[in-house]
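Residue numbers (our numbering): 2 to 409.
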């Protein structure tokens, strides 16, 4: 219960921080573009970002004096990895030291939380948002332009590919392909983290140079009348955010010890779901205000921020051990779930025509006409229901076949 309350407060406090900081920024005349590109775009991912930062410092503090990092040469600092050695200890039944246990548990929890949140948004949240659009606005579905799919959706899919490429243990995979045991649990090194953060900055620059005029129209927050008070409230809530993240991670440690659940399982099943709430609320609010583009942009922007900035920042601080289920199931499914709607929307008319032929032969004329009337680049309510079902299928397989993080 304490863990659930801490993560709910984490989400609530993040919303307050964003609201206060946005109002303060406007009070001091900071441009709408800057506000949209920083506070608003990062706000919905703030719980995940802070979880990663807090977890990474817990890993560092558990491993010994921070001054030891200063004695490393640059190559060791950037490429430091403990995953393989710890995995071998687990397989031989040896007990892990407290620092090794913290490293594996914290890595699994926060990586599972980020990737779980992305999967939730790509399936459950998008599905619920489309159904909400049908109920609230009478829309039959979301219409995706070709430009949107290429400029915005493709980078989201590409981000997941890059993360999986960096997280995969390529040496272990080659060993498996040549007849050895399957070992795909890799490490996100500090160099990997720097690559992810650099890609995020490049993405932000791309957004700034191509869409400043649209971003300037999105904020409706009024300037703060008491900027110093609001700034104090925002900073105070930020400190409470950090405290909530620390409490949650401590509860996770207890839950792992008492239930035997893996850190990534807890991250996927709890944090991933709860931390996706801000994106869902923002997306539905955008729909109610008639801003379909803002609604979609919130979901896609968050799924780019989580892997690049949240995971990247944590990896830069402490490095991460990548749990086996994330490489074998979570990341591949995230790529699949992101790619399926694109394929479906681009070939929807062809699929409709193919299915309409047997429907006509069976005398189902009305059904055939509906199938023939299917439009490309439109994700309908039926597609939304399918995405929601995919999410529950994903969870079922995850709980059934991928329970353990670092053992086969």
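Glycine included, C-beta positions come from ideal geometry on N, C-alpha and C.
Near residue 203, which residues of its chain fall below 8 Å by C-beta distance, leaving aside the five closest residues on each side in sequence?
-> Excluding sequence neighbours, residue 203 sits near nothing in its chain.
Pick from 122, 56, 344 that is closest to residue 102, judged by C-alpha positions = Of 122, 56, 344, the smallest CA-CA separation from residue 102 is found for 56.
Report all residues from its chain with a CB closer than 6 Å to the CB of residue 108; omit the five preceding and five following residues, and keep chain order.
-> Here residue 108 has 321, 322 as same chain residues with Cβ atoms under 6 Å from its own Cβ, once five neighbours each way along the sequence are excluded.
Compare the Cα-Cα distances from residue 388 to each of 401, 366, 334, 365 and report the closest residue.
-> Out of 401, 366, 334, 365, 334 has the C-alpha closest to the C-alpha of residue 388.
Beta-carbon proximity check, residue 308 vs residue 265, cutoff 7 Å = The Cβ atoms of residue 308 and residue 265 lie no closer than 7 Å to each other.
Determine contact between the segment 267 to 275 and the segment 126 to 135, defined as no fewer than three beta-carbon pairs at a distance below 8 Å.
-> With the cut-off at 8 Å, the segment 267 to 275 and the segment 126 to 135 do not touch.
Residue 67 in three-state terms, based on DSSP | Reliability of the predicted coordinates at residue 67 is poor, the pLDDT of 49 falling under 50, and the value obtained from them is presented with this limitation in mind. Here residue 67 sits in helix by DSSP.
Cβ-based neighbour list, residue 392, same chain, cut-off 6 Å, excluding 5 preceding and 5 following = For residue 392, where only same-chain residues beyond five positions count, the Cβ hits under 6 Å are 124, 125.
Closest by C-alpha distance to residue 251, when choosing among 404, 106, 49, 402 | Considering only alpha carbons, the answer is 106.
Secondary structure of residue 98, DSSP reduced to three states | Note: residue 98 maps to coil in three-state DSSP.
Is the beta carbon of residue 52 sitting closer than 7 Å to the one on residue 111?
-> In this structure, residue 52 sits near residue 111, with a CB-CB distance shorter than 7 Å.
Once you ignore the five residues that flank residue 301 on each side, which residues in its own chain have a CB closer than 7 Å to its CB?
-> Answer for residue 301: 153, 154, 157, listed in chain order.
What distance in whole Å lies between the Cβ atoms of residue 332 and residue 165, which are believed to be in contact at a cut-off of 8 Å?
-> Rounded, the Cβ-Cβ distance is 4 Å, consistent with contact.
Candidates 329, 241, 262, of which the one nearest residue 185 by Cα | Checked all of 329, 241, 262; the closest Cα to residue 185 is 329.
Helix, strand or coil at residue 190 [DSSP, three-state] = DSSP places residue 190 in coil when its eight states are reduced to three.
Taking the runs of the alpha helix (DSSP H) that are 4 residues or longer, which of them lie wholly in the segment 302 to 327?
-> With a minimum length of 4 residues, the continuous alpha helix (DSSP H) runs that stay inside the segment 302 to 327 are 312 to 319.
Use the C-beta contact count for residue 47: other C-beta atoms within 10 angstroms, 16 or more gives buried, fewer gives exposed.
-> It is buried - the Cβ of residue 47 has at least 16 other Cβ atoms within 10 Å.
Nearest candidate by alpha-carbon position, reference residue 401, set 262, 28, 386, 197 = Here the closest residue by C-alpha is 262.
For residue 118 versus residue 311, is the C-beta distance shorter than 7 Å?
-> No, Cβ-Cβ distance for residue 118 and residue 311 is not below 7 Å.
Exposure label - residue 227; buried when at least 16 CB within 10 Å | Counting Cβ neighbours within 10 Å, residue 227 comes out exposed, since fewer than 16 surround it.
Same chain, Cβ closer than 8 Å to residue 67, five either side skipped, listed in chain order | The predicted position of residue 67 is uncertain, since its pLDDT is 49 and thus under 50; a value taken from the coordinates is nonetheless stated next. Closer than 8 Å at the Cβ level, and outside the excluded window around residue 67, lie 61.
DSSP-derived helix/strand/coil call for residue 381 | When secondary structure is reduced to three states using DSSP, residue 381 falls in the strand class.
Nearest residue (CA-CA) to residue 415, options 336, 340, 390 | Outside the displayed range of the chain (2 to 409) lies residue 415, so it cannot be described from this structure.
How big is the Cα-Cα spacing for residue 303 and residue 281?
-> So the alpha carbons of these two residues sit roughly 11 Å apart.
What is the C-beta distance between residue 197 and residue 313, in whole angstroms, given that I count them as a contact (C-beta under 8 Å)?
-> About 3 Å; that satisfies the 8 Å criterion.
For residue 54 versus residue 160, is the C-beta distance shorter than 7 Å?
-> Taking a C-beta distance under 7 Å as the contact criterion, residue 54 and residue 160 do not qualify as a contact pair.
Can you name the residues that DSSP bridges to residue 169?
-> The partner list for residue 169 (beta bridge, DSSP) reads 186.
Does the beta-carbon of residue 259 have 16 or more other beta-carbons within 10 angstroms, so that it is buried, or is it exposed?
-> Under this definition residue 259 is an exposed residue.
Would you identify the three-state DSSP class for residue 227, choosing helix, strand or coil?
-> DSSP places residue 227 in the coil class of the three-state scheme, outside both helix and strand.
Range covered by the alpha helix (DSSP H) that runs through residue 263 = Looking at the DSSP string, residue 263 is not in any alpha helix (DSSP H), and its letter there is neither H nor E.
Whole-angstrom C-beta distance between residue 132 and residue 383, which should lie under 8 Å = That belief does not hold up - the Cβ atoms of residue 383 and residue 132 are roughly 10 Å apart, past 8 Å.
Assuming residue 194 and residue 168 make a contact with CB atoms under 8 Å, what is their CB distance in whole Å?
-> 11 Å between Cβ atoms; not a contact.
Figure out for me which residue from 399, 24, 230 has the closest Cα to the Cα of residue 454.
-> What is shown of the chain runs 2 to 409, which leaves residue 454 out entirely.
Would you please state the rounded distance, in angstroms, between the beta carbons of residue 318 and residue 58? I believe it to be under 8 Å.
-> Between residue 318 and residue 58, the beta carbon gap of about 7 Å places them in contact (Cβ cut-off 8 Å).
Where does residue 60 sit, in a helix, a strand or coil, going by DSSP?
-> The answer is helix: DSSP assigns residue 60 an H, G or I state.
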